[in-house]
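Those protein sequences? They're chains A and B, same order as listed.
For reference, each letter of the first sequence is one residue, going 1 to 124 in the numbering used here.
For reference, each letter of the second sequence is one residue, going 1 to 124 in the numbering used here.
Note that beta-carbon positions come from the ideal geometry of N, C-alpha and C, so glycine has one too.
There are 2 protein chains.
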Amino acid sequence: MVDQSRALWFSEGMPNDLDTVFAALADPTRRAILAMLLEDDMAVTDVAEPFEMSLAAISKHLVILTKAGLISQEKRGRVKWCKLEPDALRAASVWMQGFGQFEPVNLDAFERFLEIELPATDDP
Amino acid sequence: MVDQSRALWFSEGMPNDLDTVFAALADPTRRAILAMLLEDDMAVTDVAEPFEMSLAAISKHLVILTKAGLISQEKRGRVKWCKLEPDALRAASVWMQGFGQFEPVNLDAFERFLEIELPATDDP
DNA sequence: CGGATATTCAACCAAATGGTTGACCAATCA
DNA sequence: TGATTGGTCAACCATTTGGTTGAATATCCG
């Protein structure tokens, strides 16, 4: 027999912020933005530059990332700077590890993952 | 200056299966189902029982979880058994850890997390 | 001041999402 | 056989999502 309370605590009540975080991560454009911000803080226009969609669309994506707590935005002068806030991933990461019980993953693994997924952009 | 290739490898090309996994995790009902399956394999009807939605709705959620690879379904007789497939979380977990660079998370942390999030279901 | 730059707002649109209901199919049981 | 149980399918609906365009709002620069 299964503990049904598990179903309730997770599906009821206030909008779990895991909803927001996972939903934010479900879009490849937003994950790409996060990957870019991993290297440096960026202005909105610069974030938008490599993408083929409008600035307004990117602006919306940034709002979603901000609401999820995954980035913060600070306006200095007329430019708005975007900063990665990796702590927002902690709860989600903990949640996932609870299932996977993976061995601790290190940065090397992440780099390998990037290499595998990366199409040949070094020789354009 | 920022490496824009990072934006492209992530947003272009075939539908990244991180899309599917994160989208699957973004719904609280589906996370609840996964949590239930953490304890035991279950038949579809039993999965549906604690929820207030129709069986058909749950059936759809299970399809989504299956497509994401997060569960597998095997039909024995007239009942279809659902089994957690935690390996599907690995890629997503690696992706997230690349950002957070969290200290290794252990099961204790997960248990604490469950306790915190759990409303008082012990005294109904 | 006036023009350019940075960003958001508002209205709109197509497609995807999450749910419903009722019919349907398969397997079991009496 | 016939009724019941387990589960999906199909059609439908409301809402959300991800994008567009064009106008609006600041801010900086000469």
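Who are the near neighbours of A/Lys81 in its chain, counting only those whose CB is closer than 8 Å to its CB and skipping five residues on each side? Before going further, note that residue 81 of chain A is Trp rather than Lys in the sequence given. For A/Trp81, where only same-chain residues beyond five positions count, the Cβ hits under 8 Å are Asp41, Met42, Ala43, Gln73, Glu74 and Lys75.
Curious, which full-length alpha helix (DSSP H) runs of at least 4 residues does the stretch 23 to 96 of chain B contain? Segments of the alpha helix (DSSP H) lying fully in the stretch 23 to 96 of chain B: 28 to 39, 44 to 48 and 55 to 67.
Of all the residues that make up the stretch 69 to 93 of chain B, which are near chain A by a beta-carbon distance shorter than 8 Å? Listed by position along the chain: Leu84, Pro86, Asp87, Leu89, Arg90, Ala91, Ala92 and Ser93.
Out of B/Leu25, B/Asp19 and B/Leu18, which one is the CA nearest neighbour of A/Asp17? Ranking the options by Cα distance to A/Asp17, first place goes to B/Leu25.
Inter-residue CB distance, B/Met36 and A/Ala92 (contact presumed, cutoff 8 Å): Not confirmed; about 19 Å, so no contact.
Should A/Ala48 go down as buried or exposed, given a rule of 16 or more other Cβ atoms within 10 Å for buried? Flag for A/Ala48 reads buried.
Less than 8 Å between the CB of A/Thr45 and some heavy atom of the ligand ADP, yes or no? For the structure depicted, the ligand ADP is absent and the ligand set is empty, with no information on it obtainable.
How big is the Cα-Cα spacing for A/Leu63 and A/Ala57? Sequence check: residue 63 of chain A is Val here, not Leu. The alpha-carbon atoms of A/Val63 and A/Ala57 are separated by roughly 10 Å.
Pick out whichever of B/Pro86, B/Phe99 and B/Val94 has its Cα sitting closest to the Cα of B/Glu39. If you compare the alpha carbons of B/Pro86, B/Phe99 and B/Val94 with that of B/Glu39, the shortest gap goes to B/Pro86.
Of the residues that make up the stretch 15 to 29 of chain B, which ones have a beta carbon closer than 9 Å to any beta carbon in chain A? Residues of the stretch 15 to 29 of chain B with a C-beta atom less than 9 Å from some C-beta of chain A are Pro15, Asn16, Leu18, Asp19, Thr20, Val21, Phe22, Ala23, Ala24, Leu25, Ala26, Asp27, Pro28 and Thr29, listed in chain order.
If we define contact as Cβ-Cβ less than 9 Å, is B/Ser65 a contact residue for chain A? In the sequence as presented, Ser is not what sits at residue 65 of chain B; that position holds Leu. Judged by the 9 Å Cβ criterion, B/Leu65 is not in contact with chain A.
For a contact meaning CB atoms closer than 7 Å, what does A/Leu34 contact in chain B? Residues of chain B passing the Cβ test: Phe99.
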